[in-house]
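Enquirer:
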Amino acid sequence: MRTSLHRRRFLGLLGAAAGLGAAGVLSAPVASAAPAAAWRSVAEDVRKQTRWAWRDYVAKAFGHDQIKPVSGGFEEFFVPDHPVGLTIVEALDTLWLLELDAELEQGLAWVRGHSRFDIDAPFQVFETNIRMLGGLLSAYHCTGEARMLELAADLGERLLPAFTKSPSGVPYRFVNLATGAVSEPATNLAETGTYITEFGSLSKWTGDRRFYDAAKRAFQVTFDNRSPLDLLPYAVHAETGEWLNTTATVGPPADSYYEYLWDGWRLFGDHDLKAWYETLVAGILNHQSEVVGGHLWFAQVDAFTGAVVNRRQSELGSFFAGLLAEGGDVVEGRRYHDSWNVVQDRYGVLPEGIEYPTLAATSKGNQLRPEFADSAFNLWLVTRDELYRQRAKKHYDEMKRTSKVRYGYTILDDVTTSPPVRGDFCPGYWWSEQLKYYYLIFGDAKRFDYRDHYLSTEANLLKGARR
Ligand code: DMJ
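Take the sequence shown: its letters are residues 0 to 466, numbered as in numbering that gives the first Met the number 0.
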């Protein structure tokens, strides 16, 4: 854990404002534990919901990227008319962990028979990596099926020009999977630095270092350009590596950049990544954190002056609570999750965006988001405090109450009305993220190593499968 002067000052401020003891330890009592059998029955319910939603996906949209669960239609995610079976690939390791083996075999059979990536169209490198490459790699890790790794290696090779064609090493946003043509050099931190765990696993499992090296170089370029406050603006130009703005945020489009610095250290023991994470998170704690009404939030600030740009917070930023705890900043992680829990208590389902001084919703929908459950899971793993299971249970109950429709689970267009206004779309990440977090936090999954594992930003299991 870091002990910089700035950080100690921060803890003092936080302790005074939030009723923490001198050691920075929460004084609130740990919530009492529900019997293990009660949690196991919730996990069993998660399994039932998954099987039910999968059957409808197979009946109505099998092979298409995403189901429209209200109408029973479907839509593609990357390129119109070019389905890549996104939902299937996202679901594979979830089905394996939940021991839904017949459904898993259906999914694997589709991938074996249909997956090919010589598609003459631009694909978004970031999304293809976290969803498709990560999905195939986790399927390989869980099942041991060599074909999954072959497909992953083919896809990784097709993504690589986004890095190798960039003069700076910061990847272009899009690459044509068939031709290797690159496009859209104006990019951002998340799309620059969310590769190391998928590319690194590919390097590890194929013996080809090029993937790991490409992912690390993109980190290096941006880290070396950090501001004197140890902050990073979120917009960057791939060809020059220069910043395109001055605003720092822990939310999108920066979020998983920080996550993957820590994760790269955790998965591969790379000390550079750990040092970079610690430097940047110290900068964030020193210059972006503030306590408003007793709650910890992270302002968007000018990376060079520290001046507050705005006090908006994206729901996606709630993942940061879990990351802080994983990285050793447990007190801050818990406080930040407490802040988001106030939002959950107010709205039931978190709105996409809020203004944190008032908690007013600035973006009223919810794209069936996993981040609050993600950080509850990570905080529970770190602290084993039942509080996080209870918060995850509320997240699960609210999702069932508001998003369950005829053929699965849907996004919400407005969470501030009663009942909420529903959309008609189930994102691929729902299959990889929420279902897995819920099952793992409520159950005692026998195929998951609770002590030594790694789940990616898309919750793809790249370490810790117990076969
Ligand atoms: C997922 O694709 C990943 O969690 C990503 O890191 C951020 N956004 C979505 C879920 O909201």
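Cβ atoms here follow ideal geometry from the backbone N, Cα and C, with glycine treated the same way. None of the values given here were measured: they were computed from a predicted structure.
Only counting the same chain, and skipping five residues up and downstream in sequence, which positions put a Cβ closer than 8 angstroms to that of residue 217?
Expert: Cβ neighbours of residue 217 beyond the five flanking positions: 162, 168, 169, 170, 191, 192 and 194.
Enquirer: Sorry if obvious, but does the Cβ on residue 196 come closer than 7 angstroms to a heavy atom of ligand 1?
Expert: Because no heavy atom of ligand 1 lies under 7 angstroms away, the Cβ of residue 196 does not count as near it: no.
Enquirer: Given this structure, state the Cα-to-Cα distance separating residue 268 from residue 274, to the nearest angstrom.
Expert: Rounded to the nearest angstrom, the two C-alpha atoms are 11 angstroms apart.
Enquirer: Give me, in chain order, the residues of the same chain whose beta-carbon lies closer than 8 angstroms to that of residue 94; leave out the 5 immediate sequence neighbours on both sides.
Expert: Correct list, in chain order: 49, 53, 100, 102, 103 and 106.
Enquirer: Would you mind working out which of 182, 202 and 242 sits nearest residue 301, comparing C-alpha positions?
Expert: The candidate whose alpha carbon is nearest that of residue 301 is 242.
Enquirer: Could you check whether the Cβ of residue 190 sits closer than 7 angstroms to any heavy atom belonging to ligand 1?
Expert: The answer is no for residue 190.
Enquirer: Is the region 372 to 388 close to the region 344 to 364, with three or more CB pairs under 8 angstroms?
Expert: Output reads no: the region 344 to 364 does not touch the region 372 to 388.
Enquirer: State yes or no: is the C-beta of residue 78 within less than 8 angstroms of the C-beta of residue 122?
Expert: Going by C-beta atoms, residue 78 is nearer than 8 angstroms to residue 122.
Enquirer: Excluding the 5 residues preceding and the 5 following residue 458 in the sequence, name in chain order all residues of the same chain whose CB lies nearer than 6 angstroms to its CB.
Expert: Excluding residues within five positions, the ones whose Cβ falls inside 6 angstroms are 431, 432 and 435.
Enquirer: Buried or exposed for residue 229, please, with buried defined as at least 16 other CB atoms from any protein chain shown within 10 angstroms of its CB.
Expert: Buried, by the Cβ-count rule.
Enquirer: Considering Cα atoms alone, identify which of 96, 361, 109 and 460 is closest to residue 146.
Expert: That would be 109, whose Cα lies nearest to the Cα of residue 146.
Enquirer: Going by C-alpha to C-alpha distance, which of 452, 299 and 339 sits closest to residue 293?
Expert: Among 452, 299 and 339, the Cα nearest to that of residue 293 belongs to 339.
Enquirer: Determine the contact status of residue 416 and residue 69, defining contact as a CB-CB distance below 8 angstroms.
Expert: Cβ atoms of residue 416 and residue 69: not closer than 8 angstroms.
Enquirer: Quick one: what does DSSP say residue 455 is sitting in, helix, strand or coil?
Expert: It is coil, neither helix nor strand.
Enquirer: So, helix, strand or coil for residue 311, using DSSP?
Expert: Correct three-state label for residue 311: strand.
Enquirer: Does the region 222 to 239 come within contact of the region 270 to 284, defined as at least 3 CB pairs closer than 8 angstroms?
Expert: Segments in contact, yes.
Enquirer: In whole angstroms, give me the CA-to-CA distance for residue 240 and residue 133.
Expert: When rounded, the distance between both Cα atoms is 26 angstroms.
Enquirer: Just grab the DSSP bridge partners of residue 447 for me.
Expert: Paired residues: 464.
Enquirer: Within the same chain, show all residues whose beta-carbon is closer than 6 angstroms to that of residue 135, passing over the 5 residues directly before and after it, in chain order.
Expert: So the list reads 147, 150 and 151, once near-sequence residues are dropped.
Enquirer: Starting from residue 174 and walking both ways along the beta strand (DSSP E), at which residues does that stretch end?
Expert: Note, residue 174: beta strand (DSSP E), 173 to 175.
Enquirer: Are the Cβ atoms of residue 425 and residue 66 separated by less than 8 angstroms?
Expert: Their beta carbons are under 8 angstroms apart, which means residue 425 touches residue 66 by this criterion.
Enquirer: Does the distance from the CB of residue 441 to the CB of residue 465 come in under 8 angstroms?
Expert: No; because the gap between Cβ atoms is not below 8 angstroms, this pair is not in contact.
Enquirer: Buried or exposed for residue 206, going by 16 or more other Cβ atoms inside 10 Å?
Expert: Flag for residue 206 reads exposed.
Enquirer: Whether or not the region 253 to 260 and the region 173 to 193 are in contact is what I'm after, with contact meaning three or more pairs of Cβ atoms, one per stretch, closer than 8 angstroms; do they touch?
Expert: Touching, per the Cβ criterion.
Enquirer: Give the list of continuous alpha helix (DSSP H) stretches no shorter than 4 residues that lie fully inside the region 106 to 177.
Expert: Within the region 106 to 177, the complete alpha helix (DSSP H) runs of at least 4 residues are 133 to 142, 145 to 158 and 160 to 163.
Enquirer: How many Å lie between residue 407 and residue 51 at the Cα?
Expert: Those two C-alpha atoms are separated by around 8 angstroms.
Enquirer: Would you mind working out which of 116, 455, 57 and 295 sits nearest residue 356, comparing C-alpha positions?
Expert: Taking only the C-alpha atoms, the option nearest residue 356 is 295.
Enquirer: Beta carbon of residue 221: closer than 7 angstroms to some heavy atom of ligand 1?
Expert: Not so, every heavy atom of ligand 1 lies at least 7 angstroms from the Cβ.
Enquirer: Are residue 396 and residue 364 touching if we call contact CB-CB under 8 angstroms?
Expert: It is not a contact, given that the beta carbons lie outside the stated cut-off.
Enquirer: By DSSP, does residue 21 sit in helix, in strand, or in coil?
Expert: For residue 21, the predicted structure reports a pLDDT of 27, less than 50, and the residue's modelled location is therefore unreliable. A value from the coordinates is still provided. Of the three classes helix, strand and coil, the one that applies to residue 21 here is coil, per DSSP.
Enquirer: With respect to the beta strand (DSSP E) encompassing residue 72, which residues constitute its N-terminal and C-terminal limits?
Expert: Its beta strand (DSSP E) spans residues 72 to 74.
Enquirer: Pull up the distance between the alpha-carbon of residue 202 and that of residue 359, whole angstroms please.
Expert: Distance between the alpha carbons of residue 202 and residue 359: 45 angstroms.
Enquirer: Is the closest heavy atom of ligand 1 to the C-beta of residue 432 under 7 angstroms?
Expert: Flag set: Cβ of residue 432 near ligand 1.
Enquirer: Let me confirm a value: residue 60 is counted as buried when at least 16 other C-beta atoms fall within 10 Å, else exposed. Which label applies?
Expert: Buried is the call here.
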